[in-house]
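Position one of the sequence shown corresponds to residue 1 (my numbering), numbered consecutively onward.
We put the CB at the ideal spot given by N, CA and C, even for glycine.
Bear in mind the structure is a predicted one, so any value in this text is a computation, not a measurement.
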Amino acid sequence: MSSISIRRYIMPIMVVAALAALALVTLFPSKTDTMQQSRTALAVFEKHVNETAQPAEQAWSEFKRQTVVLSQKKDFGALSQAANQTYDTINQVGATLAAIPIPKLHNTHARQAAWKALEDTRARYTMLAAAAQVWIKMAGSGRVTHDELIAIEGVEKQAAKYQRMIPGDFALARSALAPSAKP
Numbered sequence: 001m002s003s004i005s006i007r008r009y010i011m012p013i014m015v016v017a018a019l020a021a022l023a024l025v026t027l028f029p030s031k032t033d034t035m036q037q038s039r040t041a042l043a044v045f046e047k048h049v050n051e052t053a054q055p056a057e058q059a060w061s062e063f064k065r066q067t068v069v070l071s072q073k074k075d076f077g078a079l080s081q082a083a084n085q086t087y088d089t090i091n092q093v094g095a096t097l098a099a100i101p102i103p104k105l106h107n108t109h110a111r112q113a114a115w116k117a118l119e120d121t122r123a124r125y126t127m128l129a130a131a132a133q134v135w136i137k138m139a140g141s142g143r144v145t146h147d148e149l150i151a152i153e154g155v156e157k158q159a160a161k162y163q164r165m166i167p168g169d170f171a172l173a174r175s176a177l178a179p180s181a182k183p
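Following this line, the structure appears as structure tokens:
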């Protein structure tokens with residue numbers, strides 16, 4: 001066989017092999033690529049959750065300032081209105097948080113931690129919405145009772161507990177996606 005006939009048979013085989021290798025690389029990206037994509041998806045998800053929760057956080061902070069003034073003035077109509085607005089804002093944020101999809105992450109542990117972070121965020125605002133409902137009830141009755149204030153304080157403590165857990169949940173998700181140290 002001459003070198004020309006060898007080239008005629010070998011060249012198409014080499015081209016097919018190169019195309020097959022390119023297809024494999026495209027269809028099955030390296031673990032490094034998928035881990036980087038997962039880290040990026042997690043960062044976007046965390047930012048989205050935090051930005052979505054911001055209006056509820058601002059509404060609750062403003063409401064807490066208003067409750068002091070309005071309770072002292074015994075302006076229960078304004079207190080009821082402020083509590084209703086706060087509840088509506090928190091409820092809307094809760095519905096928006098419920099619609100946020102968990103990103104497809106390379107690591108199951110990271111996905112579970114991201115899900116827990118979202119659930120803890122939702123639980124925090126569920127607690128604050130419950131506290132706003134107690135304020136609505138108190139304002140509607142026209143008096144602020146000690147027992148209801150204790151109930152609100154308990155709910156706020158539970159909400160604070162969830163708030164402290166959220167950064168740890170996201171940190172756990174990030175660590176599950178961190179590049180592994182090779183010996």
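Taken through DSSP and simplified to helix, strand or coil, residue 109 comes out as helix. Annotation for residue 175: the continuous alpha helix (DSSP H) segment containing it runs 146 to 176. Burial check for residue 14: the Cβ neighbour count within 10 Å stays below 16, so the residue is exposed. In this structure, residue 121 lies near residue 53, with their beta-carbon atoms less than 7 Å apart. Taking residue 123 as the centre and dropping the five residues before and after it, the same chain places the C-beta of 162 closer than 6 Å to its C-beta, in chain order.
In the same chain as residue 133, and ignoring 5 residues on each side of it, the C-beta atoms closer than 7 Å to its own belong to 87, in chain order. A distance of 7 Å or more separates the beta carbons of residue 56 and residue 114. At the C-beta level, residue 59 and residue 139 stay beyond 7 Å of one another. Residue environment for residue 103: buried (at least 16 other C-beta atoms within 10 angstroms of its C-beta).
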